[in-house]
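From first to last, the protein sequence lines stand for chains U and W.
Residues in the first sequence are numbered from 241 upward in steps of one, following my numbering.
Residues in the second sequence are numbered from 256 upward in steps of one, following my numbering.
Positions of the beta carbon are idealized from the N, C-alpha and C atoms, including for glycine.
This report concerns only the one structure given below.
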Amino acid sequence: MPTDQSIDTPSQTLDSVVIRFCGDSGDGMQLTGGQFTDTSALFGNDFATFPDFPAEIRAPKGTTFGVSGFQIHFSSESIFTPGDRVNAMVAMNPAGLKVNLVDVEPGGIIIVNEDEFTKGNLSKCGYLDGYNPLEDEEIANKYNLVKVPMSRLTKESLADSGMGAKDVNRCRNMFALGIVYWLYERPIDQTKEYLTKKFAEKKGLPEVAKINIQALQAGYYFGETAEVFPSRYRVPPAKQEAGVYRQISGNEATVLGLVTASQKASKPILYASYPITPASSVIHGLSHLKRFGIKTIQSEDEIAAICTAIGASFTGDIGVTGTSGPGLALKGEAMGLALMLELPLVIVNVQRAGPATGLPTKTEQADLLQAMYGRHCESPVIVLAPRSPSDCFNMAIEAVRLSVKYMTPVIYLSDGYIANGAEPWKVPDVSSIPEIHITHPTAADAGENGFMPYARDPETLSRPWAIPGTPGLEHRVGSLEKDAESGNVSYDPDNHDMMVRLRAEKIERVAQSIPLLEVDGDSSGDVLVLGWGGTYGSITTAIQQVRANGHKVSSAHLQYLNPFPSNTEEALRSFKKVIIPEINLGQLSMLIRSKYLIETVGINIVKGQPFKVETLVERITEVIES
Amino acid sequence: MSTIETTDTNLPVYTPKDFTTDQDVRWCPGCGDYAALAAVRKALPGMGTKKENFVFVSGIGCAARFPYYVDTYGMHSIHGRALAVATGVKCANPEFQVCVVSGDGDLLSIGGNHTIHTMRRNVDITIMLLNNKIYGLTKGQYSPTSETGKISPTSPAGSIDYPINPIAIAVATGCTFIARSLDVDMKAMDTIYKRGMAHKGTAFIEVYQDCNIFNHKAWFYASQKETMSDSTIKVEHGKPLIFGADSEKGIRFNNGHPEVVAIGKNGVSEADLIVHDETDMFLANMYAQMSYPEFPEPMGILHADPTKPTYNELLYQQLDEAKAKSDQPDLQALVTGNESWVVR
Numbered sequence: 241m242p243t244d245q246s247i248d249t250p251s252q253t254l255d256s257v258v259i260r261f262c263g264d265s266g267d268g269m270q271l272t273g274g275q276f277t278d279t280s281a282l283f284g285n286d287f288a289t290f291p292d293f294p295a296e297i298r299a300p301k302g303t304t305f306g307v308s309g310f311q312i313h314f315s316s317e318s319i320f321t322p323g324d325r326v327n328a329m330v331a332m333n334p335a336g337l338k339v340n341l342v343d344v345e346p347g348g349i350i351i352v353n354e355d356e357f358t359k360g361n362l363s364k365c366g367y368l369d370g371y372n373p374l375e376d377e378e379i380a381n382k383y384n385l386v387k388v389p390m391s392r393l394t395k396e397s398l399a400d401s402g403m404g405a406k407d408v409n410r411c412r413n414m415f416a417l418g419i420v421y422w423l424y425e426r427p428i429d430q431t432k433e434y435l436t437k438k439f440a441e442k443k444g445l446p447e448v449a450k451i452n453i454q455a456l457q458a459g460y461y462f463g464e465t466a467e468v469f470p471s472r473y474r475v476p477p478a479k480q481e482a483g484v485y486r487q488i489s490g491n492e493a494t495v496l497g498l499v500t501a502s503q504k505a506s507k508p509i510l511y512a513s514y515p516i517t518p519a520s521s522v523i524h525g526l527s528h529l530k531r532f533g534i535k536t537i538q539s540e541d542e543i544a545a546i547c548t549a550i551g552a553s554f555t556g557d558i559g560v561t562g563t564s565g566p567g568l569a570l571k572g573e574a575m576g577l578a579l580m581l582e583l584p585l586v587i588v589n590v591q592r593a594g595p596a597t598g599l600p601t602k603t604e605q606a607d608l609l610q611a612m613y614g615r616h617c618e619s620p621v622i623v624l625a626p627r628s629p630s631d632c633f634n635m636a637i638e639a640v641r642l643s644v645k646y647m648t649p650v651i652y653l654s655d656g657y658i659a660n661g662a663e664p665w666k667v668p669d670v671s672s673i674p675e676i677h678i679t680h681p682t683a684a685d686a687g688e689n690g691f692m693p694y695a696r697d698p699e700t701l702s703r704p705w706a707i708p709g710t711p712g713l714e715h716r717v718g719s720l721e722k723d724a725e726s727g728n729v730s731y732d733p734d735n736h737d738m739m740v741r742l743r744a745e746k747i748e749r750v751a752q753s754i755p756l757l758e759v760d761g762d763s764s765g766d767v768l769v770l771g772w773g774g775t776y777g778s779i780t781t782a783i784q785q786v787r788a789n790g791h792k793v794s795s796a797h798l799q800y801l802n803p804f805p806s807n808t809e810e811a812l813r814s815f816k817k818v819i820i821p822e823i824n825l826g827q828l829s830m831l832i833r834s835k836y837l838i839e840t841v842g843i844n845i846v847k848g849q850p851f852k853v854e855t856l857v858e859r860i861t862e863v864i865e866s
Numbered sequence: 256m257s258t259i260e261t262t263d264t265n266l267p268v269y270t271p272k273d274f275t276t277d278q279d280v281r282w283c284p285g286c287g288d289y290a291a292l293a294a295v296r297k298a299l300p301g302m303g304t305k306k307e308n309f310v311f312v313s314g315i316g317c318a319a320r321f322p323y324y325v326d327t328y329g330m331h332s333i334h335g336r337a338l339a340v341a342t343g344v345k346c347a348n349p350e351f352q353v354c355v356v357s358g359d360g361d362l363l364s365i366g367g368n369h370t371i372h373t374m375r376r377n378v379d380i381t382i383m384l385l386n387n388k389i390y391g392l393t394k395g396q397y398s399p400t401s402e403t404g405k406i407s408p409t410s411p412a413g414s415i416d417y418p419i420n421p422i423a424i425a426v427a428t429g430c431t432f433i434a435r436s437l438d439v440d441m442k443a444m445d446t447i448y449k450r451g452m453a454h455k456g457t458a459f460i461e462v463y464q465d466c467n468i469f470n471h472k473a474w475f476y477a478s479q480k481e482t483m484s485d486s487t488i489k490v491e492h493g494k495p496l497i498f499g500a501d502s503e504k505g506i507r508f509n510n511g512h513p514e515v516v517a518i519g520k521n522g523v524s525e526a527d528l529i530v531h532d533e534t535d536m537f538l539a540n541m542y543a544q545m546s547y548p549e550f551p552e553p554m555g556i557l558h559a560d561p562t563k564p565t566y567n568e569l570l571y572q573q574l575d576e577a578k579a580k581s582d583q584p585d586l587q588a589l590v591t592g593n594e595s596w597v598v599r
């Protein structure tokens, strides 16, 4: 049984480490990275992960476009990002090395499966004939390159297993994980349990579990005995607030937030969706929660999905649909219908890089203007954006709360980065989460002239949510403009003008129900960095570094994009310069400028990747010093 | 799953007037939609369903104004999407009688996808397709059911589209109730609509409807006394396929192919004719391919199979099974997950 005490190898203590596992998309890198994450979570580190995989499920083996990667940043300090520079990389094949080498810090550890660096594989990923990076002196000098014949060692360690070559080969990732566990002094028990559960218990393949565990142990022992590493590394547990913690990704948190909102509102959620990356795992998650009364429907297309959600809301369920940018575009007309009908509706949009099919598995923040204006005519809706994986939980509840309170569609702008990335999360006490109060009128609420479906609450301007099955309140709603009270079709010009203004005013009033914008640091000064949505982690980390470098800078992060918190203008005007980093060409900048006539300085990088902290630090510092 | 309480003794005695709103009907005088509206208002009181438990949903087009004129819960949605909305209504509360009324452009062109998939899933919705073979509200363009060569504002040289066959589409999707009627045949409309509403599963009713402004007389061959007995055939479950002014013609199989025969001639008797069996999808398939003038066009309930479980039933069955397995689902346990850890 391996232990944390190595006999000979000295150990260094580090605050933080960034590891990237990479290989072919069939090499099991996501599973390997996930296991390292689980183990580090239980070990007590703070962490942030970044799975980065191709859209193709099994791209041609050994090619650069088939490379799948999983990055984890784990630390004894509080961290907010998966890290810019990789300290240690495991490359299972030449393509993985070729694609990822650029991100490894000079002096960083690179562990490669040297058996895969064959002539054929080298040429598959486009290395020139006769070139082998493992023989490149420049690489050998620049990095701490550790060549391990993983395929052969895995095979040898499983020689007596009686299993076929295919099964044996598939254990190479566990061999690699074993090495890394040894190198970073991690216990392997968690992964052993996982493998037993996954293969032996769930799939009924105890022999597969056994060889995976053997390979894992063999890798661990290899680290211990091969003496190829001059040192082991220890990253002590982080100091965290006491409580129960779990690991959570953004899409998982969205699922949990929606279920919690449904329970708090005592209302079923009907979630209708068409599969689309990176939003699909939301419907996957919800479809397992029927015991909570969650109905899921896999619709025939994006438009059907939103319309089915609208039908459900009309009937008294909370209609929710989920998609990514291209699907949001398809839902545009129906969003107009929902806001015309003034029914609750939550539209989850997990943004991805585009336009068109774009980079479906990569992240971007470029649907903000689509969320704001991607509908015909005057059609404001509430727009929210969670700022981190765990924040998806809170903001999903907020989306439901505001949607039913104001009887209006809410667009919830997550993104591929926080949707798939994971972090530790202090599990909330669900009983402390406030109830969501919903009332449906009955015949007794109808006035002298009968029921008025468009009579408004004087405070929120929302209309009553009368649902079918209520005797005496039979009424028709429709996409045609309607009379301000009765809801009957009205072509009256003044009525239309009033209705357009009422619908806009209703959304403006949402500002009364949302928190103020908080400024981190001094509330006035020279420079404020304003972000929104999923970039919170990178911006926060960058701000910490800029301050550590001796600069004075404040920051604020918007989770409510429409309407903005009511103090937004005041907060921004308290600074001479407002810097807005976004993963688009300046969409929030455009909104801020047009609404407040405040000049902004954009930091706009659109690479399908989350911001690198060092880039932000550099660019923010440039503006401060200019 | 709950079902409609058809034996509710508290059910008020309704008349068609109870299902009439105060809104002025805005269809053109003489429009076939009036007949369909009258048939629906007449049928609703006898359905054994409380007024507040009906939901009418429509898309866009002349026919789609329908919900405004029926005093139940209703939604006039957007172009082509009525069935997707109706699916949401039915799945949110399967107790409601959900009915979609729309036209050929709405249900077969822009909304064709939803028509296919609603029928495929067998969502318990009654669909009334008011087919006038033209776009009325947008002023006379050819529709997906218009005949090839149709002269219209967008096809001044004649449409080069081949028309879609609504009944064949219904058959292809495995629709569990397929019927066809004429707008002017009030008696048949009443029977078919009531059966369709009572049917458990998707009921697809095609109505030959006259647009007297943009496509007047498109169905005259089937709707006029002089020709209808030769151009249409009323099918009745368990009865042979007989038509003609004097019931002198019938349809039999000849080497697997239907053929029109004269009864009593060349040794042909009623016993040789095809007997309509509404449970038989093969016959429905045949009806879908019968068009005038080669054949009379079949009218009535072409197919009805109430045995196939509906989508909404299966949805609730799965919900109920999941709830039965864990009668007190624990939200805190769900949020905490299986792999939590404690920091002290």
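Contact belief for W/Gly285 with W/Asn470 at Cβ below 8 angstroms, rounded distance in angstroms: About 12 angstroms; that fails the 8 angstroms criterion.
Identified DSSP bridge partners for U/Ala331: U/Cys262 and U/Val352
Within chain U, the residues that W/Val597 reaches when beta carbons sit closer than 7 angstroms: Val484
Short-range partners of chain U found in the segment 326 to 345 of chain W, where Cβ spacing is below 9 angstroms: Asp326, Thr327, Tyr328, Gly329, Met330, His331, Ser332, Ile333, His334, Gly335, Arg336, Ala337, Leu338, Ala339, Val340, Ala341, Thr342, Gly343, Val344 and Lys345
Min CB distance U/Leu282 to chain W below 8 angstroms: yes
Proximal residues of chain U, C-beta to C-beta of W/His471 below 8 angstroms: None at all; the shortest Cβ gap to chain U is about 27 angstroms.
Close-in-space but distant-in-sequence residues of the same chain around W/Thr258 (CB under 7 angstroms, 5 per side omitted): With a pLDDT of 42 at W/Thr258, under the threshold of 50, the predicted position of this residue should be treated as unreliable, though the coordinate-derived value follows. Taken in chain order, the list of residues that qualify is empty.
Residue span of the alpha helix (DSSP H) that contains W/Trp596, given as start and end: Per DSSP, W/Trp596 belongs to no alpha helix (DSSP H); it is in the beta strand (DSSP E), Trp596 to Val598.
Chain W contacts from the segment 704 to 724 of chain U (Cβ-Cβ distance under 9 angstroms): Ala706, Ile707, Pro708, Gly709, Thr710, Pro711, Gly712, Leu713, Glu714, His715, Arg716, Val717, Gly718, Ser719 and Leu720
Any chain W beta carbon closer than 8 angstroms to U/Asp541: yes
Completely contained beta strand (DSSP E) runs for the segment 814 to 865 of chain U, where each covers 3 or more residues: 815 to 822 and 841 to 844
Within-8 angstroms CB hit, W/Ser484 to chain U: no
Expected contact under 8 angstroms - CB spacing of W/Gln479 and W/Asp438 to nearest Å: With a Cβ gap of about 13 angstroms, W/Gln479 and W/Asp438 do not count as contacting.
Whole-angstrom distance between U/His313 and U/Gly323, CA atom to CA atom: 6 angstroms
Touching by the beta-carbon criterion (3+ pairs, under 8 angstroms), the segment 481 to 492 of chain U and the segment 653 to 671 of chain U: yes
Residues near W/Val597 in its chain [Cβ-Cβ closer than 7 angstroms; skip 5 each side]: none
Cross-chain neighbours of W/Arg370 in chain U, by beta carbon under 7 angstroms: Per the sequence shown, residue 370 of chain W should be read as Thr rather than Arg. What W/Thr370 touches in chain U: nothing, since even the nearest Cβ is about 10 angstroms away.
Sequence-distant residues of the same chain with beta carbon closer than 7 angstroms to U/Ile707, five excluded per side: Thr555, Gly556 and His680
Residues of its chain near U/Glu638, where Cβ-Cβ distance is below 7 angstroms and the 5 sequence neighbours each way are ignored: Leu624
Status (buried if at least 16 other CB within 10 Å, exposed otherwise) for U/Met738: exposed
Within 8 angstroms, strictly: CB atoms of W/Ile488 and W/Glu503: no
Residues bridged to U/Val729 [DSSP beta-bridge criterion]: U/Lys722
Segment contact, 8 angstroms Cβ cut-off, at least three pairs: the segment 611 to 629 of chain U with the segment 766 to 777 of chain U: yes
Chain W contacts made by the segment 626 to 649 of chain U, where a contact means CB separation under 7 angstroms: none
Any chain U beta carbon closer than 8 angstroms to W/Val310: yes
Where the alpha helix (DSSP H) containing U/Tyr238 begins and where it ends: Past the edges of chain U, shown from 241 to 866, lies residue 238 of chain U, and the structure says nothing about it.
Continuous beta strand (DSSP E) stretch holding U/Ser315: start and end: Val307 to Ser315
Bridge partner(s) assigned by DSSP for W/Cys354: W/Phe311 and W/Thr381
As assigned by DSSP and simplified to three states, the class of U/Glu663: strand
Proximal residues to W/Pro408 (C-beta, below 8 angstroms), its chain only, five neighbours per side dropped: Lys394, Gly395 and Gln396
Buried or exposed by the 16-neighbour rule on C-beta atoms within 10 Å, applied to U/Asp607: buried
Within-8 angstroms CB hit, U/Pro427 to chain W: no
Same chain, Cβ closer than 7 angstroms to W/Lys455, five either side skipped, listed in chain order: Asp379, Pro561 and Thr565
Cross-chain neighbours of W/Gln278 in chain U, by beta carbon under 9 angstroms: Arg716, Asn728 and Val729
Alpha-carbon to alpha-carbon, U/Pro584 and W/Met256: Since pLDDT at W/Met256 reaches only 39, below the 50 mark, its modelled position is unreliable, and no value is offered.
Test item: CB-CB of W/Ala425 and W/Ile433 under 8 angstroms: yes
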